[in-house]
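Protein chains in written order, with this note's numbering: chain A, 1488 to 1626; chain B, 412 to 688.
Glycine is no exception: its CB is placed at the ideal position from the N, C-alpha and C atoms.
Fair warning: this is a prediction, and the values are worked out from it, not measured in the lab.
Presented below is the structure to which this report refers.
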Amino acid sequence: MRARYWIFLSTIALVPLTHVAAHHSPTMLYDLSREITVTGVVTEYQLGNPHMRIYLDVDNNGTTEKWLAEGGSRTQLLRVGWTGMEVVPGDKITVRGHAPRDATAKLIHMTHLTLPDGTERFAEDIDYEGFNDRRRRPQ
Amino acid sequence: MTHTPIAKTGAVSSLLLGALLTLPLGASAQAADPAAPFLGTWSGVFTTQDNEYWTFADIQCFVGCPVDFYEGLSALLANPANDATPAMALSGQAGAASLAALDAILTPVGKQVRAANRPEDDPKFINCQPYGFVREVTNPLPVQIRRDGDHLVVRYEEWSLLRNIYLDGRAHPAHKTPTLLGHSVGRVEGGALIVETAGVTPDLISDNSQAGHSGELTAVERYTVRQNPHRLELTLTLTDPVTFTKPLVMTKTWLYTPEVEIVQDTCSQQPGKPDLG
């Protein structure tokens, strides 16, 4: 079922999902300097391995777009209190994060998830941008 | 000849004393385990991100990376002439150079494998199947190493895989069905833990490069423990005559984190169901 779903998504999204695999570095897929926000309705949520994924339908002027929001690692999120029950299909959510390098991709590197009750949660393993100034090791 | 009770007591006392005297020697022998420095729980950046040891180059290498990339990026970041250039741009430079170097050592088969690999077709992602040897050894999640008799047991949080590293001098078996993590033998040499692995199933070297290796892969892991901070450093040398014309050398570092608990990993997640492992 999941495999078929993936193939379907890959087909409609062409390039964008081709690199969503394993613990890749986000810089490979995403422009960490460009933040976007997407609001949509959850169709599937997997606190999955290796990464958490939320599939959502996004209304773009009457056209429904299939988006994938990719968050942090499963066990790391479990370690900080995630349960896999944060959202369910039908929930309206907002995800904030980095835009894909491929501008046509319906894909977002989700750093923050706003739940239906308005609560915002950090959804990644680490704050990658927080390391931009750590150029050299402290002496 | 019979012994008086006093004589018996004396004999027993002597035995007890002897036993007590030998205990510290036994304890010393255990403490002298050359593999002892490598035991414990070690973490990558995910569970230790506040540690000031980590640099931008370490973050870029959180799933392991070729040594030339890590050293190249570190050199670019260390050069004051690059201070006005965003770190990410420097990472792009180092990454392009490293990928070009990788391409240069790929055999024709290696090039075909890399070109043919498509992550969306990777069953290890689609079906939530564990990684192969290289990606598992360099994965970003915590790892625990413990001694179990004649071997070390490596417990990876990633996919909850266990791996034995035999330290008793045995050789790789002559005939063994290849497995995900292969067969590993190790020794401590000059303070470094050297682990040799063979008999792995073909898989990817990394997601970033999409380069692959064959079942002919032999790997040598060289682990060293360093201080300030207490950490484990890996140099991983991959030799595969099918896909590489010369060895590929990768690196990764973990910090010593006895406080970190290994979380059970599973592939049992179902949409809309709790997933607590």
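Quick test of your reading: ALA622 (chain B) and THR608 (chain B), contact by CB under 8 Å. State the CB separation rounded to the nearest angstrom.
ALA622 (chain B) to THR608 (chain B), Cβ: 18 Å. No contact.
Using a Cβ cut-off of 7 Å (strictly closer), state whether GLN1563 (chain A) contacts chain B.
yes
How would you label ARG642 (chain B), buried or exposed, when you count the other beta carbons within 10 angstroms and need 16 or more for buried?
buried
Near GLN555 (chain B), which residues of its chain fall below 6 Å by C-beta distance, leaving aside the five closest residues on each side in sequence?
THR452, ARG566 and ILE673
Would you kindly work out how many angstroms separate the C-alpha atoms of ALA508 (chain B) and PHE544 (chain B), rounded to a whole number?
25 Å
Can you tell me where the beta strand (DSSP E) with ASP1544 (chain A) in it begins and where it stops?
1538-1547
Spatially closest choice to ALA486 (chain B) from B:PHE473, B:ASP469, B:GLY475 and B:VAL474, by CA coordinates
B:ASP469
Over what stretch of residues does the alpha helix (DSSP H) that includes TYR481 (chain B) continue unbroken?
478-489
Interface partners of ASP1612 (chain A) on chain B, CB under 7 Å
PHE457
Is the Cβ of PHE1630 (chain A) closer than 7 Å to any Cβ of chain B?
In the structure as shown, chain A starts at 1488 and stops at 1626, and residue 1630 (chain A) therefore has no counterpart that could be examined.
Does GLN471 (chain B) pass the burial test, meaning 16 or more other C-beta atoms within 10 Å, or should it be called exposed?
buried
Kindly give me the distance between the Cβ atoms of THR549 (chain B) and LYS663 (chain B), rounded to whole angstroms, as I take these residues to be in contact under 8 Å.
5 Å
Could you spell out where the alpha helix (DSSP H) holding LYS1553 (chain A) opens and where it closes?
Note, LYS1553 (chain A): premise wrong, no alpha helix (DSSP H); beta strand (DSSP E) at 1550-1560.
Other residues of its chain near ALA603 (chain B): CB distance less than 8 Å, five sequence neighbours each side excluded:
ARG633, TYR634 and THR635
In whole angstroms, give me the CA-to-CA distance for ARG1621 (chain A) and ASN1548 (chain A).
42 Å
Is it true that the CB of VAL606 (chain B) sits closer than 7 Å to the CB of SER595 (chain B)?
yes
Those runs of the beta strand (DSSP E) which lie wholly inside the stretch 613-688 of chain B and span at least 3 residues:
629-637, 642-650 and 659-667
Report the rounded CA-to-CA distance for GLY1617 (chain A) versus ALA498 (chain B), giving the unit in angstroms.
12 Å
Please classify GLY521 (chain B): is it buried, with 16 or more other beta-carbons within 10 angstroms of its beta-carbon, or exposed?
buried
Pull up the distance between the alpha-carbon of HIS1599 (chain A) and that of GLY503 (chain B), whole angstroms please.
25 Å
Tell me which residues share the same chain as PRO652 (chain B) and place their Cβ nearer than 7 Å to its Cβ, disregarding the 5 neighbours each side in the sequence.
GLU627
Relative to the C-alpha of ILE1595 (chain A), which residue among A:GLU1611, A:THR1551 and A:MET1572 is closest?
A:GLU1611
Count the other CB atoms, across all protein chains shown, that sit within 10 Å of the CB of VAL1567 (chain A); report buried if there are 16 or more and exposed otherwise.
exposed
Looking only at its chain, what residues have a beta carbon closer than 8 Å to the beta carbon of VAL1433 (chain A), apart from the 5 residues adjacent to it on each side?
Since the first residue of chain A shown is 1488 and the last is 1626, residue 1433 (chain A) is not available in this structure.
Go to GLU547 (chain B), then tell me how far its alpha helix (DSSP H) extends in each direction, as first and last residue.
544-548
Can you round the beta-carbon distance between PRO477 (chain B) and LEU659 (chain B) to whole angstroms, since I take them to be within the 8 Å contact cut?
7 Å
Those residues which DSSP pairs with ASN462 (chain B) across a bridge
Beta-bridge pairing links ASN462 (chain B) to no other residue.
Give me the Cα-Cα distance between THR380 (chain B) and GLU569 (chain B), rounded to the nearest whole angstrom.
A question about residue 380 (chain B) goes unanswered here, because the residues of chain B that appear run from 412 up to 688.
Closer than 8 Å, Cβ to any Cβ of chain B: which residues of the stretch 1513-1535 of chain A, in chain order?
THR1514, MET1515, LEU1519, SER1520, GLU1531, TYR1532, GLN1533, LEU1534 and GLY1535
How big is the Cα-Cα spacing for SER571 (chain B) and GLN540 (chain B)?
11 Å
Give a yes or no on whether the minimum CB-CB distance between ALA515 (chain B) and chain A is below 7 Å.
no
Assuming ARG557 (chain B) contacts LEU450 (chain B) under a Cβ cut-off of 8 Å, what Cβ separation, rounded to an integer in Å, is found between them?
6 Å
So, does the CB of ARG1540 (chain A) fall closer than 7 Å to a CB anywhere in chain B?
no
Specify the secondary structure class of LYS587 (chain B) as computed by DSSP and reduced to three states.
coil
With DSSP collapsed to three states, give me the class of GLN540 (chain B).
coil
Please report the Cβ distance between TYR542 (chain B) and ASP614 (chain B), rounded to the nearest whole angstrom; I am assuming they are in contact, meaning their Cβ atoms lie under 8 Å.
7 Å
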